[in-house]
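The structure under discussion appears below in the form of structure tokens.
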Amino acid sequence: MIRFEDKKNADESRKRRAEIASKYDFLKVTKKTIRPNTIDERLSFEVEDGWLPLLEDLFEKMATVVKRDNLAEFQIVQVKEKFGGLRVYIHNGNKDINDLISAAEAKAWVTCEYCGEPGECHSFGGWYITECDVCLMIRKLDDNARVWGDLDDV
Ligand SMILES: [Zn+2]
27 MIRFEDKKNA DESRKRRAEI ASKYDFLKVT KKTIRPNTID ERLSFEVEDG
77 WLPLLEDLFE KMATVVKRDN LAEFQIVQVK EKFGGLRVYI HNGNKDINDL
127 ISAAEAKAWV TCEYCGEPGE CHSFGGWYIT ECDVCLMIRK LDDNARVWGD
177 LDDV
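Each residue of the sequence shown is one higher than the last, beginning at 27 in the numbering used here.
Here it is in structure tokens:
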């Protein structure tokens, strides 16, 4: 992908993710975490940048529920993209936490994972990706360029 080959953008993205992860104790990786995938012992987010605002909003709402319901053992164990959708896996949540996750996952289905603009899930080259028309076009051009590059090597 073009965006992630740009070093400055990648550095900014890493910094932003680390900032988000350091804000909440329920993103801290503990022995209970099934799949440790860490930035400084905090959970990383296996999604593109367009979904980060959606996650920040989710975590902020979760923090309110955690405090209100005293969910000391609550933990997020994984955040990822799967088949074009957002997946958030947790331990020791409750119904309100589950409802917040469902709402965030529903919002992700209509939010471009790359830029955060309104989007929809597209199937392309065997992959499901939720994105806007512009990002879809950029990715198709990118893929075409790669195909022509391969042909040049033959
Ligand atoms: Zn987009």
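Glycine is no exception: its CB is placed at the ideal position from the N, C-alpha and C atoms.
>> Rounding to the nearest angstrom, what Cα-Cα distance links Cys161 and Arg68 in this structure?
In response: If you take the alpha carbons of Cys161 and Arg68, they lie about 29 Å apart.
> DSSP three-state call for Glu99: helix, strand or coil?
Replying inline: Looking at Glu99 - three-state DSSP - the assignment turns out to be coil, as it is neither helix nor strand.
>> Please state whether the Cβ-Cβ distance between Leu80 and Leu126 is less than 9 Å.
In response: No, the Cβ-Cβ distance between Leu80 and Leu126 is not below 9 Å.
> Just how far apart, CA to CA, sit Val180 and Lys33?
Replying inline: With a pLDDT of 39 at Val180, under the threshold of 50, the modelled position of this residue cannot be trusted; read the value that follows with caution. The C-alpha of Val180 lies about 30 Å from the C-alpha of Lys33.
>> Below 8 Å on the Cβ atoms is my contact criterion, and I expect Phe52 with Phe100 to pass it. Report the Cβ-Cβ distance as a whole number of Å.
In response: About 5 Å separates the two Cβ atoms, so the contact holds.
> Can you tell which of Asp75, Tyr50 and Glu45 has its C-alpha closest to the C-alpha of Gly142?
Replying inline: Cα-wise, what sits closest to Gly142 is Asp75.
> Heavy atom of ligand 1 less than 8 Å from the Cβ of Glu157, yes or no?
Replying inline: Under cutoff, so the answer is yes.
> Under the rule that 16 or more other beta-carbon atoms within 10 Å means buried, what is Trp77, buried or exposed?
Replying inline: Burial is judged here by how many other beta carbons sit within 10 angstroms of a residue's own beta carbon; Trp77 has at least 16 and is buried.
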